[in-house]
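Asker: My numbering numbers the first residue of the sequence shown as -14 and each following residue consecutively. The C-beta atom is built at its ideal place from N, Cα and C for all residues, glycine as well. Quick caveat: nothing in here was measured; it's all calculated off a predicted structure.
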Amino acid sequence: MTSAAAPAPEGRLDRSTRIFYGLGSIAFGVKDNGFSFMLMLFYNQVLGVPASLVALALLTALLFDAVIDPLIGHVSDNLRSPWGRRHPFMYAAALPVAVSYAALWNPPDLSQEGMFVYLTVLAIVIRTFVAFYEVPSSALAAEFTSSYDDRSVLLSYRFFFAWVGGLSIQALAFGVLLRPDANHAVGQLNPEGYGRYGLIASLIMLVAIVVSAAGTHRRIPSLRSPPAKQAKTLGQTLAEVRETLNNRSFLFLLASSIATALAGGLVASMNGYFNTFFWEFSAAQISVITLGVFVSAFVALPSAPLLSRRFGKKHTAMLLSLLSLAIGLGPVLLRLAGLFPPNGSPELFAILFTTSIVGVTCGIIASTMGASMIADVVEEAELKTGRRSEGLFFAASAFVGKSVSGFGILAAAILIDAIGLTPGVAPADTSPEVIQRMGALYSPVIIGLYLAGIALLAGYRISRESHAATLRALAADAEEAAHPFPVKEDRG
-14 MTSAAAPAPE
-4 GRLDRSTRIF
6 YGLGSIAFGV
16 KDNGFSFMLM
26 LFYNQVLGVP
36 ASLVALALLT
46 ALLFDAVIDP
56 LIGHVSDNLR
66 SPWGRRHPFM
76 YAAALPVAVS
86 YAALWNPPDL
96 SQEGMFVYLT
106 VLAIVIRTFV
116 AFYEVPSSAL
126 AAEFTSSYDD
136 RSVLLSYRFF
146 FAWVGGLSIQ
156 ALAFGVLLRP
166 DANHAVGQLN
176 PEGYGRYGLI
186 ASLIMLVAIV
196 VSAAGTHRRI
206 PSLRSPPAKQ
216 AKTLGQTLAE
226 VRETLNNRSF
236 LFLLASSIAT
246 ALAGGLVASM
256 NGYFNTFFWE
266 FSAAQISVIT
276 LGVFVSAFVA
286 LPSAPLLSRR
296 FGKKHTAMLL
306 SLLSLAIGLG
316 PVLLRLAGLF
326 PPNGSPELFA
336 ILFTTSIVGV
346 TCGIIASTMG
356 ASMIADVVEE
366 AELKTGRRSE
376 GLFFAASAFV
386 GKSVSGFGIL
396 AAAILIDAIG
406 LTPGVAPADT
416 SPEVIQRMGA
426 LYSPVIIGLY
436 LAGIALLAGY
446 RISRESHAAT
456 LRALAADAEE
466 AAHPFPVKED
476 RG
């Protein structure tokens, strides 16, 4: 393996590395899609568990993440093994993730309290082993290349596959598995399809993780090795962690990500409710909208690197986040103002189909920029601390990503209780006042969170030029470390 002080390679990555690296994010996309879009609907409206208990179960699991994610990141930064620092964790995650995710959607017949405990335990297990894969795998982005632009390309593949994976299983669920029957006029309220969804999704996650880990395995010899082991107390270790994460640009980026992730989590958690109750779409129509969003992933894949080169990562992320907010929330605000086509009209479906594609495209690009910006923090922190800590930084990113489904569902549960939706009641039997209240309470929360995230992003200071200067400084430090004493000319 290369020296820990050696800079990451600058050359462009081959296509196979980009593809295998990105493929693993299918597992995260499937899990995140299920937790964000389907889990509340399934446990609350189908199984009858109060929304507050569902949210509490996932919030409890999220608190475990607050400890688990940075621990995995720190250990993987310092692991010595024949398979490098990251891959042992990635391989170890595959089977536990698949088994626990399948069990989540096939619960036994339990009381509400028993179902709460069951959901809590499985959510903790799933999140833990997803972190075993996601944190080390994400950290590889900063190891594979130090190029400002190539990192955007690499991470655009990661987000592409995450979205394609999540969208594919969601389209399958709503288009094929969640079908109406004699007892369930609304397909998404039919419990039969959720069990089959869980089995198919778990198999996809297993294959994605194993293929990605095996496909990037050949690059292990070229990756960094950890520094020589030194005996450290817990206090010293925690002090190093604090020093590493105490980076101004990273802290602003993290704060911004928390705000936008909470907004995104609320949007995702309420998406099923809005499609089912606010717009009164059938499962088949939801499936078509989901299929349309595939276009978003394909547009975002080449667009993210191009916009990064043209405008820089920070400004691209700020602009696209603002556009995503305006396009995504616009239809709800227009409906509240009485300026939108009625439910059931072809115009309504056409407009929402189009705005969904454009809004999600903007969101994917903004998220890609955020992940690439984290990778660029790694070298700035290394210059200050002398340590490479990709795992720690991406662990924080993973924690924020998972807060999407944790606090997002909590916020959704609070809104659902405030709105007054009754479990099991069909959309046609829900009063107009409840539907109006849904949009009126939801909109200002989303606006506030997105605007806070955009404002906080302004505090991130790493640019293409400053990143290049950091790489030059690291190269100079490495050269000085290799030749600490000047060689005097022999004038014999």
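Using a Cβ-Cβ cutoff of less than 6 Å, which residues in the same chain neighbour L286 once the five nearest sequence positions on both sides are dropped?
Answerer: Cβ within range, chain order: S141 and F145.
Asker: Can you pull the DSSP bridge partners for H169?
Answerer: D166.
Asker: Can you tell me which of the three DSSP states R203 falls into?
Answerer: Here R203 sits in helix by DSSP.
Asker: By DSSP, does W148 sit in helix, in strand, or in coil?
Answerer: Three-state result, W148: helix.
Asker: Look at the Cβ atom of S341, then the Cβ atom of S281, and state whether they are nearer than 9 Å.
Answerer: It is a contact, given that the beta carbons lie within the stated cut-off.
Asker: Within the chosen definition, does the segment 438 to 458 reach the segment 234 to 250 through at least 3 CB pairs nearer than 8 Å?
Answerer: Touching, per the Cβ criterion.
Asker: Going by alpha carbons, who is nearest to L456 out of S137, D361 and R233?
Answerer: Closest option to L456, Cα to Cα, is D361.
Asker: Measuring straight from C-alpha to C-alpha, what distance separates A437 and M303?
Answerer: Roughly 11 Å separates the two Cα atoms.
Asker: Could you give the distance in angstroms between the alpha-carbon of V110 and the alpha-carbon of P327?
Answerer: Roughly 44 Å separates the two Cα atoms.
Asker: Taking its Cβ as the centre, do 16 or more other Cβ atoms sit within 10 Å of E465, making it buried, or is it exposed?
Answerer: Classification for E465: exposed.
Asker: What residue range does the alpha helix (DSSP H) around G33 cover?
Answerer: First-last for G33: undefined, no H or E at that position.
Asker: So, are the CB atoms of N91 and I401 less than 9 Å apart?
Answerer: Contact: no.
Asker: Between the C-alpha atoms of L230 and F378, what's the straight-line distance to the nearest angstrom?
Answerer: Each residue's alpha carbon lies about 7 Å from the other.
Asker: Exposed or buried, which one is L459 when buried takes at least 16 other CB atoms within 10 Å?
Answerer: With 16 or more Cβ atoms within 10 Å of its Cβ, L459 is classed as buried.
Asker: Can you tell me the Cα-Cα spacing of A403 and I431, whole angstroms?
Answerer: Their Cα atoms are separated by approximately 16 Å.
Asker: For A36, I'd like the list of residues in its chain whose CB is within less than 8 Å of its CB, leaving aside the five on either flank, ordered along the chain.
Answerer: Around A36: M25, N29, A397, A398, I401 and D402.
Asker: So the candidates are A124, L333, D166 and A461; which of them puts its Cα closest to the Cα of G9?
Answerer: Cα-wise, what sits closest to G9 is A124.
Asker: Are the segment 369 to 378 and the segment 55 to 69 in contact at 8 Å, needing three or more beta carbon pairs?
Answerer: Counting Cβ pairs under 8 Å, three or more are found: they touch.
Asker: Put L95 into one of helix, strand or coil per three-state DSSP.
Answerer: Of the three classes helix, strand and coil, the one that applies to L95 here is coil, per DSSP.
Asker: For A443, which of helix, strand or coil comes out of DSSP?
Answerer: DSSP places A443 in coil when its eight states are reduced to three.
Asker: Can you tell me where the alpha helix (DSSP H) holding S10 begins and where it ends?
Answerer: S10 to N18 is the extent of the alpha helix (DSSP H) around S10.
Asker: Using a Cβ-Cβ cutoff of less than 7 Å, which residues in the same chain neighbour R320 once the five nearest sequence positions on both sides are dropped?
Answerer: The residues are G424.
Asker: So, does the segment 149 to 163 touch the segment 41 to 53, judging by three or more C-beta pairs under 8 Å?
Answerer: No: fewer than three Cβ pairs fall under 8 Å.
Asker: Using beta-carbon positions only, say whether G183 and F13 come within less than 9 Å of one another.
Answerer: Not a contact, by the Cβ cut-off of 9 Å.
Asker: Please classify S451: does DSSP put it in a helix, a strand, or coil?
Answerer: S451: helix per DSSP, three-state reduction.
Asker: Would DSSP call A322 helix, strand or coil?
Answerer: Three-state DSSP puts A322 in coil, outside helix and strand.
Asker: Give me, in chain order, the residues of the same chain whose beta-carbon lies closer than 6 Å to that of V196; leave out the 5 immediate sequence neighbours on both sides.
Answerer: Answer for V196: L8, listed in chain order.
Asker: Using the C-alpha atoms, what's the distance from A193 back to A(-7)?
Answerer: Because the pLDDT at A(-7) is just 47, under 50, the model does not fix this residue reliably, and the value given afterwards should be weighed accordingly. Taking the straight line from one Cα to the other gives about 26 Å.
Asker: Kindly indicate which residue of A77, Q421, F334 and A167 has the alpha-carbon position closest to the one of A322.
Answerer: Nearest option by C-alpha distance: Q421.
Asker: Given that a residue counts as buried once 16 or more other Cβ atoms are within 10 Å of its Cβ, and exposed if not, what is G250?
Answerer: Buried.
Asker: Am I right that A289 and S137 are in contact with their C-beta atoms under 8 Å? What's the rounded C-beta distance?
Answerer: About 6 Å separates the two Cβ atoms, so the contact holds.
Asker: What do you reckon, are the CB atoms on S210 and G69 nearer than 9 Å?
Answerer: Yes. Within cutoff.
Asker: If I follow the unbroken alpha helix (DSSP H) through T340, where does it start and stop?
Answerer: P331 to T370 is the span of the alpha helix (DSSP H), which, as asked, contains T340.
Asker: Could you round the C-beta distance between A88 and L107 to whole angstroms and report it? I think they count as a contact, below 8 Å.
Answerer: 6 Å between Cβ atoms; contact.
Asker: Taking buried to mean at least 16 other C-beta atoms within 10 Å of its own C-beta, is A381 buried or exposed?
Answerer: Result: buried.
Asker: On the DSSP letters alone, give me the boundaries of the alpha helix (DSSP H) that T407 sits inside.
Answerer: Element bounds for T407: n/a, residue is neither H nor E.
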